[in-house]
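A.B. asks:
Numbering (the UniProt record's numbering), first residue to last: 1 to 341.
1. Just verifying my parser: in three-state terms, what is the DSSP assignment at residue 7?
2. Thinking C-beta only, is residue 322 closer than 7 Å to residue 356?
3. Is the CB-CB distance between residue 318 and residue 215 below 7 Å?
4. Measure how close the beta-carbons of residue 302 and residue 122 come, nearest whole angstrom, since I'm counting them as under 8 Å.
5. Please report the distance separating the alpha-carbon of residue 354 from that of residue 277.
6. Identify which residue in 109, 79, 188, 164 has its Cα closest to the Cα of residue 132.
7. Should residue 81 and residue 33 be called a contact, given that it needs their Cβ atoms to be closer than 7 Å?
8. Going by beta carbon distance, what residues of the same chain come within less than 6 Å of residue 16, once the five residues before and after it are set aside?
9. Would you call residue 46 buried or exposed, if buried means 16 or more other Cβ atoms sit within 10 Å of its Cβ?
10. Bridge partners for residue 64 per DSSP, in chain order?
11. Who are residue 141's beta bridge partners in DSSP?
12. Can you have a look at residue 230 and say buried or exposed, based on whether 16 or more other CB atoms are within 10 angstroms of its CB?
13. Under the three-state reduction of DSSP, which class applies to residue 263: helix, strand or coil?
14. Compute the beta-carbon to beta-carbon distance between residue 213 and residue 105, rounded to the nearest angstrom, for a pair I have assumed lies under 8 Å.
15. List the residues that DSSP assigns as beta-bridge partners of residue 325.
16. Would you kindly work out how many angstroms separate the C-alpha atoms of residue 326 and residue 185, rounded to a whole number?
17. For the ligand FMN, any of its heavy atoms closer than 6 Å to the Cβ of residue 110?
18. Leaving out five residues before and five after residue 70 in sequence, what residues of the same chain have Cβ atoms less than 7 Å from its Cβ?
19. For residue 18, collect the residues of the same chain with a Cβ closer than 7 Å to its Cβ; drop the 5 residues on either side in sequence, then sort them by chain order.
20. Short of 6 Å in beta carbon distance, which residues of its chain neighbour residue 264, apart from the five on each side in sequence? Order them along the chain.
21. What is the DSSP secondary structure of residue 119, counted as helix, strand or coil?
22. For residue 279, which option in 107, 324, 166 has the closest C-alpha, if you only look at C-alpha atoms?
23. Taking the alpha helix (DSSP H) that residue 34 falls in, what are its first and last residues?
24. Residue 82 by DSSP, collapsed to three states: which one?
25. From residue 29 to residue 340, what does the alpha carbon distance come to, in whole angstroms?
26. Span of the alpha helix (DSSP H) holding residue 180?
27. Can you tell me whether residue 270 is helix, strand or coil according to DSSP?
28. Quick one: measure Cβ to Cβ for residue 125 and residue 258, integer angstroms, because I've assumed they're closer than 8 Å.
29. Tell me whether the beta-carbon of residue 173 lies closer than 7 Å to the beta-carbon of residue 205.
And the structure:
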C-alpha cells in the first residue's frame, strides 16, 4: 500500500499527497464517476455542480481544509472541485456510497483498543493509501484513507483515534460539516472530548457514526443533519457499532439500509463479551474474522446481494500508540502494515 508522508502548510500537505497519489486519485475519481452515472444517472460535471456549495462553504468556514484540497488538486493535476467531490461523496448523494463496517472500542486495564473492518466495493481497494501528516502545533496523524480524501480511519501522536460507520438517514445540510472533514478534525484533536466538542460545535451535514477514543475515553458520536447523540461504553468498557442508529434522533428516520447490520452488531457483541479483559492483539483481531451470516458477515464478501466486501481491518491500541492494518479480508490477508508513534 502506498505510504505518503506529508508536512508543512495545508497547501504543501495537500500537494505532497496529490503528487504521490496521482494515479490512485485519478482512479478514485473514475470509480465514483462511474458509480454516479450508474446509480444516479449523473455525469461527473453534474456531480461537480453539487460539490460547488460545499467548496464555497469550506473556503469560508474551514480554509485550511480548502487549501489542502487545492494542494491535492494541483499535485494530482485535477480541478479542486474533483477533490471536493471525493471528500463530500456521501453528502452529494446521501446513502448512495454508504460503505459498511463493524467497529469496536474497548478499554481494558492494559489496552485501549479501537478496531474495525472497512467494507466497500473491492474495486476501490487499489485506491486506498496511508497518509502520515505532520503540521505545526497539531498532533501528527497516521490514517488509512481513500486517495484524495482528507480524513478517515486512524490515530494521532496524542493517542486519539477515529473509526467510521455509514448510516443512511435521508437529508443533507450543506452549511454543516461533511463527515470526512469531521474525521480529519477529530484526528487533529488532542483528546477524544476535544474532538467531540469540535464536531458538535459545527454540526454535521449528513448522517453517520464516528467512534472517537483516546487512551482513557471513548465516545460513539451518532449524528444526522439535525441531531447528535452520544454512546458511552458499556459496563465492560466497550462500544460496538455497525450501520444503523442505536440512539433516539427526534424527527429523523433510519432506513437500516444494510439489513445485516443488526446481525453483525449482535455477533460482535456476543464474541467480544466472550473475551476476557486480558485479550491481546491476536484475539482482538480474530473478532473481525467472523463469517457468521456470510456473505453479509463481519468479515464480508462482495456479492451481488451484499454489494461490498471487507477491504481492510485495522486494530489500534491507543495506550501504546500502535496499530496493525491488514489489507484484504482478514482471513485472506494480502499485506500487513504495522504503524506506531
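C-beta: ideal position from N, C-alpha, C; glycine also.
C.D. replies: According to the structure data:
1. Start at 1 with the first residue of the chain shown, and residue 7 comes out as number 7. DSSP places residue 7 in strand when its eight states are reduced to three.
2. With the chain covering only 1 through 341, there is no way to say anything about residue 356.
3. Residue 318 sits at position 318 when you count from the first residue of the chain shown. Residue 215 sits at position 215 when you count from the first residue of the chain shown. A contact, by the Cβ cut-off of 7 Å.
4. What you label residue 302 is simply residue 302 of the chain shown in a count that begins at 1. What you label residue 122 is simply residue 122 of the chain shown in a count that begins at 1. That pair is a contact at about 5 Å.
5. No answer is possible for residue 354: the residues shown for the chain start at 1 and end at 341.
6. Taking the chain shown and counting its residues from 1, one reaches residue 132 at position 132. Nearest C-alpha to residue 132: 188.
7. Start at 1 with the first residue of the chain shown, and residue 81 comes out as number 81. Start at 1 with the first residue of the chain shown, and residue 33 comes out as number 33. Not in contact: residue 81 and residue 33 (Cβ atoms no closer than 7 Å).
8. Reading the chain shown from its first residue, position 16 is the one you call residue 16. Contacts found: 6.
9. Looking up residue 46 in the chain shown gives position 46. Residue 46 should be labelled exposed.
10. Residue mapping note: residue 64 aligns to position 64 of the chain shown, counting from 1. Note: residue 64 sits in no beta bridge, so no partner.
11. Along the chain shown, one-based indexing puts residue 141 at 141. According to DSSP, residue 141 bridges with 133, 156.
12. Taking the chain shown and counting its residues from 1, one reaches residue 230 at position 230. Burial call: exposed.
13. Walking along the chain shown from the start, residue 263 turns up at place 263. If DSSP states are grouped into helix, strand and coil, residue 263 belongs with the helices.
14. Numbered from its first residue, the chain shown carries residue 213 at position 213. Numbered from its first residue, the chain shown carries residue 105 at position 105. Their Cβ separation, rounded to whole angstroms, is 5 Å, which keeps residue 213 and residue 105 in contact under 8 Å.
15. In the chain shown, residue 325 corresponds to position 325, counting from 1. Partner(s): 314, 337.
16. Here the question's residue 326 lines up with position 326 in the chain shown. Here the question's residue 185 lines up with position 185 in the chain shown. When rounded, the distance between both Cα atoms is 25 Å.
17. With respect to the ligand FMN, the structure shown offers nothing to examine, as it has no ligands at all.
18. In the chain shown, the residue the question calls residue 70 occupies position 70. Result list for residue 70: 11, 14, 80, in chain order.
19. Here residue 18 corresponds to residue number 18 of the chain shown, with the count starting at 1. Excluding residues within five positions, the ones whose Cβ falls inside 7 Å are 25, 71, 72, 73, 74, 75, 76.
20. As a working note, residue 264 is residue 264 in the chain shown. Hits under 6 Å: 102, 242, 298.
21. In the chain shown, the residue the question calls residue 119 occupies position 119. Three-state DSSP puts residue 119 in a strand.
22. Numbered from its first residue, the chain shown carries residue 279 at position 279. Closest option to residue 279, Cα to Cα, is 107.
23. One-based indexing of the chain shown puts residue 34 at position 34. Note, residue 34: alpha helix (DSSP H), 22-40.
24. Against the chain shown, residue 82 aligns to sequence position 82. Correct three-state label for residue 82: helix.
25. Within the chain shown, numbered from 1, the residue matching residue 29 stands at position 29. Within the chain shown, numbered from 1, the residue matching residue 340 stands at position 340. Straight-line Cα distance between these residues: approximately 30 Å.
26. Locating residue 180 in the chain shown gives position 180, counting from the first residue. Here the alpha helix (DSSP H) through residue 180 covers 179-187.
27. Indexing the chain shown from 1 puts residue 270 at position 270. Three-state DSSP puts residue 270 in a helix.
28. The residue labelled residue 125 in the question sits at position 125 within the chain shown. The residue labelled residue 258 in the question sits at position 258 within the chain shown. Between residue 258 and residue 125 the Cβ distance is about 19 Å, and since that is not below 8 Å, they are no contact.
29. The residue you call residue 173 lines up with position 173 of the chain shown. The residue you call residue 205 lines up with position 205 of the chain shown. Taking 7 Å as the Cβ cut-off, residue 173 and residue 205 qualify as a contacting pair.
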